[in-house]
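A.B. asks: Can you read through this structure? Questions will come right after.
Numbering (the numbering used here), first residue to last: 1257 to 1417.
Here you go:
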C-alpha cells in the first residue's frame, strides 16, 4: 500500500480545517448577526461550490491556477513554483471546495443563539469579546464541531451519492 497518498490526504485535511474553521467562525458569526444588504450575495457566493458539479469546479480551479492565469503567474513570480499541481494549489482548491461545508453549520449554530442571552450579557456588563468567548462559542460548539467534521471529511462523499 502507498502510504504517501494517505499521509497527503491527512495533512491536507488537517491544514484545511486549521485554516477554514477560524475563518468560518468569523464569517458564520457575521452572517448570523448582520442585516447588511450584501448578506445574500455573500451567502450565495460561499454556497457556490455546492451547486457546481465537482468536475466543473475542478476545471475552473485548474484554469484559474494555471501559469497563464493572473493568480497562477503571480504565485509563480513570488515563489518560483507553479500553483497548479502543487500542495499549495491543492490546499487552495480544498479551501474553496469546503467553504460551505464548514461555514453553514457554524452559521446555523450562531443563528440558533437566542437574542435574550445577548441582552443579558450586555446587562451584566460583558464586552463583545467576553460574550463571544463565554457565551457564543460554547453555545455554537456543536455547529463548529460539525463544520470541522464536514471539512475534515472533505465533504466529497456527498457528491458520490
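Built from N, CA and C at the ideal position, the CB exists for glycine as well.
Please read these numbers as outputs of a predicted model, since none were measured by experiment.
I need the boundaries of the alpha helix (DSSP H) containing residue 1398, first residue and last residue.
C.D. replies: Along the chain shown, one-based indexing puts residue 1398 at 142. 1397-1408 is the extent of the alpha helix (DSSP H) around residue 1398.
A.B. asks: If we count Cβ pairs, one from each stretch, closer than 8 Å, do we get three or more for the stretch 1378-1394 versus the stretch 1325-1339?
C.D. replies: Touching, no.
A.B. asks: Who are the Cβ neighbours of residue 1361 in its own chain at under 7 Å, not counting the five residues just before and after it?
C.D. replies: The sequence position of residue 1361 within the chain shown is 105, counting from 1. So the qualifying residues of the chain are 1399, 1402, 1403 and 1406.
A.B. asks: Drop a sphere of 10 angstroms on the beta-carbon of residue 1297, count the other beta-carbons inside from all chains shown, and report buried for 16 or more, exposed for fewer.
C.D. replies: For the purposes of this step, residue 1297 is taken as residue 41 along the chain shown, with counting starting at 1. It counts as exposed.
A.B. asks: Please classify residue 1356: is it buried, with 16 or more other beta-carbons within 10 angstroms of its beta-carbon, or exposed?
C.D. replies: If you number the chain shown from 1, residue 1356 lands on position 100. Under this definition residue 1356 is a buried residue.
A.B. asks: Could you tell me whether the Cβ atoms of residue 1280 and residue 1359 are closer together than 8 Å?
C.D. replies: The residue given as residue 1280 occupies position 24 in the chain shown. The residue given as residue 1359 occupies position 103 in the chain shown. Cβ distance < 8 Å, so residue 1280 and residue 1359 count as in contact.
A.B. asks: Can you look up residue 1292 in the DSSP assignment and give me helix, strand or coil?
C.D. replies: As a first step, residue 1292 is located in the chain shown; it is residue number 36 there, counting from the start. Coil.
A.B. asks: Mind listing, in chain order, the continuous alpha helix (DSSP H) runs of no fewer than 4 residues lying wholly within the stretch 1294-1371?
C.D. replies: Here the runs fully enclosed are 1295-1307, 1310-1321, 1326-1335 and 1343-1367.
A.B. asks: Whole angstroms are fine: how far does the CA of residue 1350 sit from the CA of residue 1344?
C.D. replies: As a working note, residue 1344 is residue 88 in the chain shown. As a working note, residue 1350 is residue 94 in the chain shown. Going by the C-alpha atoms only, they are around 10 Å apart.
A.B. asks: Please list, in chain order, all residues of the same chain as residue 1305 whose beta carbon is under 7 Å from its beta carbon, the five residues on each side excluded.
C.D. replies: Taking the first residue of the chain shown as 1, we reach residue 1305 at position 49. Once the five neighbours on either side are set aside, the close Cβ partners of residue 1305 are 1313, 1352, 1353, 1355 and 1356.
A.B. asks: Kindly list the residues whose CB is nearer than 7 Å to the CB of residue 1325, restricted to its own chain and excluding five residues on each side of it in sequence; keep chain order.
C.D. replies: Along the chain shown, read from residue 1 onward, the residue named residue 1325 stands at position 69. Around residue 1325: 1319.
A.B. asks: With distances taken Cα to Cα, identify the nearest neighbour of residue 1274 among 1366, 1383 and 1348.
C.D. replies: To locate residue 1274, count along the chain shown from 1; it is residue 18. The shortest Cα separation from residue 1274 among 1366, 1383 and 1348 belongs to 1348.
A.B. asks: Using only the alpha-carbon positions, how far apart do residue 1267 and residue 1366 sit?
C.D. replies: Position 11 of the chain shown, counted from the first residue, corresponds to residue 1267. Position 110 of the chain shown, counted from the first residue, corresponds to residue 1366. So the alpha carbons of these two residues sit roughly 29 Å apart.
A.B. asks: According to the neighbour-count rule (16 or more other Cβ atoms, all chains shown, within 10 Å of its Cβ), is residue 1381 buried or exposed?
C.D. replies: What you label residue 1381 is simply residue 125 of the chain shown in a count that begins at 1. By the 10 Å Cβ count, residue 1381 comes out exposed.
A.B. asks: Here's a check: name, in chain order, each residue in its chain whose Cβ is nearer than 8 Å to the Cβ of residue 1289, leaving out the five neighbours to either side.
C.D. replies: Counted from its first residue, the chain shown places residue 1289 at position 33. So the qualifying residues of the chain are 1366.
A.B. asks: Expressed to the nearest angstrom, what Euclidean distance is found between the alpha-carbon atoms of residue 1263 and residue 1276?
C.D. replies: Counting from 1 along the chain shown, the entry for residue 1263 is found at position 7. Counting from 1 along the chain shown, the entry for residue 1276 is found at position 20. For residue 1263 and residue 1276, the distance between alpha carbons rounds to 20 Å.
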